[in-house]
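Participant: Anchor point for the sequence shown: position 341 equals 357 in the working numbering, and the numbering is continuous, going up by one each time. Ideal Cβ placement from N, Cα and C applies to all residues, glycine included.
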Amino acid sequence: MMCSPTLSAKQQRELARHLTNFLSTYKHISDSFIIEFFSEDLWATLPTRWQQVLCDLSPPQIADLLLDRLNVNRSYSCIWPLSLLAFRATAHALTFPRTPQGKRGHEVGMLKPEEFLENRSQSSLLGHIFRKHVKPKKQHEIWSLGTLVKQLCDLTDCNSVVDVGSGQGHLTRFLSFGLGLSVTGIEADPTLVSMASKYDGQLLWTLEKERQRKNGPQLSTSGPSPCHVAGWVNPKASWEDFVKQVGNSKCVCEDQTAPAGPSKKRQWGSMSEADQQHGHGDQPVLTAESECLGWSDNGQPASPLKNNDNACTNSFSSVKYEPRSSSLSFPKLLCKTEAGQGPYVHPLCQEISSTEVVVCPVEEGQECPDFILTGLHACGDLSATLLRHFSSCPHVRGITSVACCYMKITTSENPNPPGLIAPPLSPLPTNETSHSEFGYPMSSWVQGLPGHQLSYKAREGACHAMEDYMHRLREESGLLRMHCYRATLETVIREAKPELRRPGVQAIKKAHLLPFTEYARLGLPRVGLPPDLPLDTCRVEAMLRQEGRVVVYFSLALLLAPVVETLVLLDRMLYLQEKGIKSQLVPLFDPAFSPRNLVLVALKQPTRDKETVCTLP
Numbered sequence: 017m018m019c020s021p022t023l024s025a026k027q028q029r030e031l032a033r034h035l036t037n038f039l040s041t042y043k044h045i046s047d048s049f050i051i052e053f054f055s056e057d058l059w060a061t062l063p064t065r066w067q068q069v070l071c072d073l074s075p076p077q078i079a080d081l082l083l084d085r086l087n088v089n090r091s092y093s094c095i096w097p098l099s100l101l102a103f104r105a106t107a108h109a110l111t112f113p114r115t116p117q118g119k120r121g122h123e124v125g126m127l128k129p130e131e132f133l134e135n136r137s138q139s140s141l142l143g144h145i146f147r148k149h150v151k152p153k154k155q156h157e158i159w160s161l162g163t164l165v166k167q168l169c170d171l172t173d174c175n176s177v178v179d180v181g182s183g184q185g186h187l188t189r190f191l192s193f194g195l196g197l198s199v200t201g202i203e204a205d206p207t208l209v210s211m212a213s214k215y216d217g218q219l220l221w222t223l224e225k226e227r228q229r230k231n232g233p234q235l236s237t238s239g240p241s242p243c244h245v246a247g248w249v250n251p252k253a254s255w256e257d258f259v260k261q262v263g264n265s266k267c268v269c270e271d272q273t274a275p276a277g278p279s280k281k282r283q284w285g286s287m288s289e290a291d292q293q294h295g296h297g298d299q300p301v302l303t304a305e306s307e308c309l310g311w312s313d314n315g316q317p318a319s320p321l322k323n324n325d326n327a328c329t330n331s332f333s334s335v336k337y338e339p340r341s342s343s344l345s346f347p348k349l350l351c352k353t354e355a356g357q358g359p360y361v362h363p364l365c366q367e368i369s370s371t372e373v374v375v376c377p378v379e380e381g382q383e384c385p386d387f388i389l390t391g392l393h394a395c396g397d398l399s400a401t402l403l404r405h406f407s408s409c410p411h412v413r414g415i416t417s418v419a420c421c422y423m424k425i426t427t428s429e430n431p432n433p434p435g436l437i438a439p440p441l442s443p444l445p446t447n448e449t450s451h452s453e454f455g456y457p458m459s460s461w462v463q464g465l466p467g468h469q470l471s472y473k474a475r476e477g478a479c480h481a482m483e484d485y486m487h488r489l490r491e492e493s494g495l496l497r498m499h500c501y502r503a504t505l506e507t508v509i510r511e512a513k514p515e516l517r518r519p520g521v522q523a524i525k526k527a528h529l530l531p532f533t534e535y536a537r538l539g540l541p542r543v544g545l546p547p548d549l550p551l552d553t554c555r556v557e558a559m560l561r562q563e564g565r566v567v568v569y570f571s572l573a574l575l576l577a578p579v580v581e582t583l584v585l586l587d588r589m590l591y592l593q594e595k596g597i598k599s600q601l602v603p604l605f606d607p608a609f610s611p612r613n614l615v616l617v618a619l620k621q622p623t624r625d626k627e628t629v630c631t632l633p
C-alpha cells in the first residue's frame with residue numbers, strides 16, 4: 017500500500033495525517049543531536065523498558081532488529097515492549113519503499129548494482145565517453161535518470177530538456193550526446209558551468225580522435241551539443257521570469273581556438289583543413305558511428321533510435337543543427353535490454369495525468385517551446401521551486417525531481433536555515449510580490465495538519481544513508497565509535513566553555529583509528545581550546561564505555577529519517593494533486609549507492625482545444 021503509485025488522493029492525505037501524528041509523538045528523538053548524548057543525557061529520555069532491552073544489543077543485532085525492514089527472521093534474546101515494537105513497525109510501514117523495481121529487497125546494500133559487477137568503477141551501461149570525470153555513483157544516476165527523462169520526452173513529444181542545477185554537466189551531456197535531446201543546463205556556479213563546457217569539448221575531441229584512428233566516415237553524436245547557462249534560479253520568481261532567464265541567458269562555451277581535449281598543445285591554427293571540417297569548427301558535427309557510442313566492430317549500428325527528420329534545434333539558444341537521419345544508431349552501451357525484448361518502460365510512464373493548460377501572453381520574439389524539466393539532487397528549495405514552475409508554466413510538460421539537502425529547505429519557522437545559498441549581488445529583476453512560498457510545506461493539506469512542522473535537525477537527519485549505516489553495523493566497523501567520540505568531546509568542550517554549544521569540528525583524518533586522547537588533542541584547537549586541555553580520565557573512560565548506547569540511540573533517530581523524507585516528498589505530491597496533477601514517487605537508484613534515490617515524476621498533457629503560445633523577448 018505504501019508504494020506511491022497505488023495510493024489514491026484520499027489515501028495520500030490520510031498518510032500525511034499519520035506521518036505528522038507519528039513524527040510529532042517522537043519529535044524528541046528526531047530533533048535530538050547525537051553529539052549531545054552525554055551533555056543532554058539523551059539515554060534517559062527513552063522509556064525505561066526500552067533502555068533495558070536495547071542497552072546490550074550488538075551492532076549486527078541493531079541492524080537486524082531495528083533498521084532492516086525486510087528482515088523476517090528476527091531473533092530476540094528477550095521480550096521487547098509493545099511500544100518499541102510498534103515504534104519500529106510504524107516507522108517502517110509509513111515509509112515509501114526504497115527498493116528499485118527489479119531488485120530484490122535483500123540484495124539492496126549487499127551487492128553493487130549489476131552494471132558494476134565487471135568493473136567496480138565503470139558502469140557497463142555507459143559508453144566510456146560518458147564515464148570520464150564521473151564517479152560510479154554519478155554514472156549510476158545519470159544513466160537511470162537520463163533513460164527516464166528520455167521516456168518522458170517520447171511520451172510528451174518533447175525534444176527539449178532543461179536541467180536545473182546541472183553542475184559539471186554530466187547528466188546534460190548524456191541527455192544530449194547520448195540520447196539525442198536538445199538540452200539546456202542551468203547552474204549557479206560559473207566555475208562548474210565552465211567545466212561542463214570544457215568536458216563537452218573533450219567528448220567531441222575524443223570522438224574525433226576515434227574517427228581519425230579508424231579513418232572512418234564523418235562522426236556525429238545522437239544530438240546537438242548542450243547549452244550551459246550560468247544563472248541562479250530565484251525561488252521567489254514567477255515561471256515567466258524563469259523561462260525568460262533560461263531563454264535570454266547566453267551559453268558558456270569553451271574557447272574554440274584550441275581543442276578542448278586532454279592535449280593542450282595542438283592549437284587550432286596547426287590543424288589541417290580536413291581536421292577543422294571533421295568536428296572542430298564552430299559547431300562540430302559528429303554521428304553515433306563510433307564505438308564510443310555503440311558502433312559495432314563490423315561498422316554497423318548497434319540498434320536503431322527513431323528521431324524526427326526535421327532539423328534539430330536547441331530551443332533555448334536558437335542554434336540550428338544538422339538534420340539527423342530517421343534511423344540513428346542507439347549507443348549499445350547506453351541502454352541494455354534482455355535479448356529479444358524491447359526497451360524497458362517504467363510503470364510510471366503508463367499513465368499520463370492531465371491538467372488545464374493556461375494560455376500565456378504573446379510577446380514579440382522567439383517562440384517558447386515545450387520542454388521537460390529535470391533536477392538531479394536539486395538542493396533545498398530548488399526542488400520545490402521547480403515543482404512550482406512545472407505546475408504553473410504551460411510549457412513544462414513533465415518533470416523528474418530528485419531532491420536532497422532537506423535541511424536547507426525554508427520554512428515559516430526557519431526562513432533562513434544554515435547553509436542556505438545566498439542570492440547573487442545582482443539577481444535578475446523579478447516579480448516577487450506573490451511568490452514568497454516556503455519550501456515546506458508546499459501543500460495546503462499538510463500546512464493545515466497539527467504537528468506538521470519539521471525542525472532543521474529532523475530534516476538534516478532525513479539526509480542520512482540508512483543502508484550505509486546498516487552495512488557499518490553488520491561489519492562492526494570502527495567508524496561506529498565516531499559518534500561516541502564526538503559526544504564525549506562535546507562534554508569536554510562545554511565544561512571548558514559552557515557557552516560553546518555544538519561547535520563545528522572539522523573532520524579528522526582516520527579519527528576512528530586514534531585513541532580518544534589523540535582525537536581530543538587534534539579536535540580541541542579547532543574550536544579555540546588548547547590541545548593540552550586537562551581531561552578527567554575516569555569520566556572520559558566511563559563515557560567511552562557507553563559506545564553501544566550511543567549507537568543504539570543514533571539508530572533510533574535514523575529509523576525516523578526515511579519517515580521525515582516521506583513526509584517532505586508526500587507534501588510535494590499533495591501540492592501537485594491540489595493543482596490537478598497526478599504524480600508518482602519512484603525508487604529509481606540503488607539506495608546503497610545513491611541514498612536520495614526517490615524520484616518525483618509527473619506529466620501534463622495539453623488539451624486539444626487550446627494552444628499554448630509564449631514568446632521570448
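So is C71 buried or exposed if we call it buried at 16+ other beta carbons inside 10 Å?
Facilitator: Its Cβ having fewer than 16 others within 10 Å, C71 is exposed.
Participant: Let's test the definition: count the other Cβ atoms within 10 Å of the Cβ of Y92 and tell me whether it reaches 16, buried, or not, exposed.
Facilitator: By the 10 Å Cβ count, Y92 comes out exposed.
Participant: May I ask you to report which of helix, strand or coil DSSP gives S140?
Facilitator: In the structure shown, S140 sits in coil (DSSP, three-state: anything other than H, G, I, E or B).
Participant: Can you tell me whether V88 is buried or exposed, with buried defined as 16 or more other CB within 10 angstroms of its CB?
Facilitator: Exposed.
Participant: For the candidate residues S599, V508, L585, R104, whose alpha-carbon lies nearest to that of E557?
Facilitator: Here the closest residue by C-alpha is V508.
Participant: Relative to the C-alpha of V200, which candidate in I388, E492, L470 has its C-alpha closest?
Facilitator: Looking at the sequence shown, residue 200 is not Val but Thr. It is I388 whose Cα lies nearest to the Cα of T200.
Participant: DSSP puts H244 in a beta bridge; with which residues?
Facilitator: DSSP lists G201 as partners of H244.
Participant: Can you grab the Cα-Cα spacing for the pair S139 / H487, in whole Å?
Facilitator: Their Cα atoms are separated by approximately 22 Å.
Participant: Below 8 Å on the Cβ atoms is my guess for H244 versus S182; work out the distance and round it to an integer in Å.
Facilitator: That pair is a contact at about 7 Å.
Participant: To the nearest angstrom, report how far apart L575 and L83 are at their CA atoms.
Facilitator: For L575 and L83, the distance between alpha carbons rounds to 6 Å.
Participant: Looking at C-beta atoms only, is the number of pairs between the segment 32 to 51 and the segment 578 to 595 that lie closer than 8 Å three or more?
Facilitator: Yes, the segment 32 to 51 touches the segment 578 to 595.
Participant: How would you label K526, buried or exposed, when you count the other beta carbons within 10 angstroms and need 16 or more for buried?
Facilitator: Result: exposed.
Participant: Which residues bound the beta strand (DSSP E) around L619?
Facilitator: Start and end: 614 to 619.
Participant: Classify S74: buried if its beta carbon has 16 or more other beta carbons within 10 angstroms, exposed otherwise.
Facilitator: The residue is exposed, with fewer than 16 neighbouring Cβ atoms inside 10 Å.
Participant: For P541, does the count of other Cβ atoms within 10 angstroms reach 16, so buried, or fall short, so exposed?
Facilitator: Exposed.
Participant: Is the number of C-beta pairs between the segment 140 to 150 and the segment 184 to 191 that are closer than 8 Å three or more?
Facilitator: Contact between the segment 140 to 150 and the segment 184 to 191 is present, because at least three Cβ pairs lie under 8 Å.
Participant: Quick one: Cα of E429 to Cα of L220, how far?
Facilitator: Each residue's Cα considered, the two are about 49 Å apart.
Participant: Are the beta-carbon atoms belonging to V566 and C479 less than 8 Å from one another?
Facilitator: No, these two residues do not count as a Cβ contact at 8 Å.
Participant: With three or more C-beta pairs closer than 8 Å as the rule, is the segment 168 to 185 touching the segment 194 to 214?
Facilitator: Yes, since at least three Cβ pairs between the segment 194 to 214 and the segment 168 to 185 fall closer than 8 Å, the two stretches touch.
Participant: Rounded to whole angstroms, how far is the Cβ of H9 from the Cβ of F570, which I believe are closer than 8 Å?
Facilitator: Since the first and last residues shown for the chain are 17 and 633, residue 9 lies out of range.
Participant: What's the C-alpha gap between D397 and A419?
Facilitator: Spanning the two alpha carbons is a distance of roughly 9 Å.
Participant: Look at the alpha carbon of P457 and the alpha carbon of L585, and state the distance between them as a whole number of angstroms.
Facilitator: For P457 and L585, the distance between alpha carbons rounds to 10 Å.
Participant: Please state if the CB of P76 and the CB of E492 are separated by a distance shorter than 8 Å.
Facilitator: Against a cut-off of 8 Å, the Cβ pair of P76 and E492 comes out as a contact.
Participant: Taking all protein chains shown into account, decide if N4 is buried (16 or more other Cβ within 10 angstroms of its Cβ) or exposed.
Facilitator: Examination of residue 4 is not possible in this model, given that the chain is present from 17 through 633 alone.
Participant: Assuming E506 and E52 form a contact by the criterion Cβ under 8 Å, report the distance between their Cβ atoms to the nearest whole angstrom.
Facilitator: Right, the Cβ-Cβ distance comes to about 6 Å (below 8 Å), so this counts as a contact.
Participant: Give me, in chain order, the residues of the same chain whose beta-carbon lies closer than 8 Å to that of R561; leave out the 5 immediate sequence neighbours on both sides.
Facilitator: If we look at R561 and ignore the five residues flanking it on each side, it has no Cβ neighbours.
Participant: Please return the same chain residues whose Cβ sits closer than 7 Å to the Cβ of L604, not counting the five positions on each side in sequence.
Facilitator: The answer, listed in chain order, is P116, S160, L161, L164, N613, V615.
Participant: Determine the closest residue to R81 out of A618, A608, V568, V602, with distance taken between C-alpha atoms.
Facilitator: In the sequence as presented, Arg is not what sits at residue 81; that position holds Leu. Here the closest residue by C-alpha is V568.
Participant: Tell me the residue span of the alpha helix (DSSP H) that contains A400.
Facilitator: Counting along the chain, the alpha helix (DSSP H) containing A400 begins and ends at 397 to 408.
Participant: Hey, is L604's beta-carbon within less than 8 Å of any beta-carbon in chain C?
Facilitator: No chain C is present in this structure, which holds just one protein chain.
Participant: If you count every other CB in all the chains shown that lies within 10 Å of the CB of P63, and 16 or more means buried, which is it?
Facilitator: Exposed, by the Cβ-count rule.
Participant: Which word fits T426, buried or exposed, when buried means at least 16 other C-beta atoms lie within 10 angstroms of its C-beta?
Facilitator: That one is buried.
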